[in-house]
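Each remark here refers to the structure printed beneath this line.
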Amino acid sequence: MKTVAILISGQGSNMASLVRASRDERWPARIAAVIANRAQAPGLDVARELDVPVDVVPHAAHGGRDAFDAALAARLEALGADLVVLAGFMRILTEGFVRRFAGRLVNIHPSLLPAFPGLDTHARALAAGVRVHGATVHLVTPTLDHGPILAQAAVPVLDGDDAATLAARVLAAEHRIFPMAVRWLLEDRVRVVGERAEIDGVPACDRLLWEGAR
Ligand code: GRF
């Protein structure tokens, strides 16, 4: 059994999709904790309802990124985390932290990377006039929203979309690809070759999911 920690900052819908999939599909893993960087994160209540242990490492109580990341790393090491899942975790991690957890740190980002790294991806996609948008699951490197891609889902941008309707369409796709990719990691099916990931020896980019209009 592998030990998984999920880090959140917000509502925790991706976290909930991971917990449910881990149980429904009987993953070879235990979700040992959901950790938030602020006590008010609504996802903490979702985790409690799902009977997952919760913890808070408040970034505001630590003086600067290095101190926060050191506290977070200590908590994760104490748990014995084999995999650290960033599920809507809205803190930039230091290079030292990322290197310490290299290969066992995975993130979901609400765009088709490398387009639209950073914040406000849905509004920026609409402003840019793209017709295809989506989400990306990737291993984390020290560069923000960058690293070997494990899975992507593409969704259409529809006439009349605003940032909220587009975000909802992308989020539904996130809930499909994130559990899939996390499970691949837990089953040791991912290898990084150069800058790219392979799943069972097949380039991950061959597994792009087209969600179509839903
Ligand atoms: C998701 O869109 C995720 O990709 C982004 O923040 C959102 C978090 O949603 N990083 P939730 O907290 O998982 O519901």
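Under the numbering used here, residues 4 to 217 are what the sequence shown spells out, in order.
Virtual Cβ for every residue (Gly too), placed ideally from N, Cα, C.
Restricting to runs no shorter than 3 residues, where is the beta strand (DSSP E) found entirely within the region 89-120?
Listed in chain order, they are 108-112.
Neighbourhood of His178 by C-beta, 6 Å cutoff - its chain only, sequence neighbours within 5 removed
Closer than 6 Å at the Cβ level, and outside the excluded window around His178, lie Ser20.
Note down, in chain order, each residue of its chain lying with its Cβ closer than 8 Å to the Cβ of Leu116, except the 5 sequence neighbours on either side.
The answer, listed in chain order, is Thr139, His141, Asp148, His149, Ile152 and Gln155.
For Gly15, does the count of other Cβ atoms within 10 angstroms reach 16, so buried, or fall short, so exposed?
Per the 10 Å Cβ criterion, buried.
What is the rounded straight-line gap between the Cα of Glu190 and the Cα of Ala200?
Pairing Glu190 with Ala200, the inter-Cα distance amounts to about 14 Å.
State the start and end residues of the unbroken alpha helix (DSSP H) segment that holds His129.
The identity of residue 129 in the sequence shown is Leu, whereas the question assumes His. Looking at the DSSP string, the run of the alpha helix (DSSP H) that includes Leu129 is Thr124 to Ala131.
Between Ile180, Trp213 and Val87, which lies nearest to Thr6 when the distance is taken from Cα to Cα?
Nearest C-alpha to Thr6 among Ile180, Trp213 and Val87: Val87.
Closer than 7 Å: Gly121 CB and nearest the ligand GRF heavy atom:
Taking 7 Å as the cut-off, the C-beta of Gly121 does not count as close to any heavy atom of the ligand GRF.
Would the beta-carbon of Ala166 be found less than 7 Å away from any heavy atom of the ligand GRF?
Checking the Cβ of Ala166 against the ligand GRF gives no.
Separation of Gly137 from Leu169, as counted between CA atoms:
C-alpha of Leu169 to C-alpha of Gly137: approximately 9 Å in a straight line.
Can you give me the Cβ contacts of Pro45 inside the same chain, cut-off strictly under 6 Å, excluding the 5 residues immediately before and after it?
Excluding its 5 nearest sequence neighbours in each direction, Pro45 has C-beta neighbours in its own chain below 6 Å: Gln14, listed in chain order.
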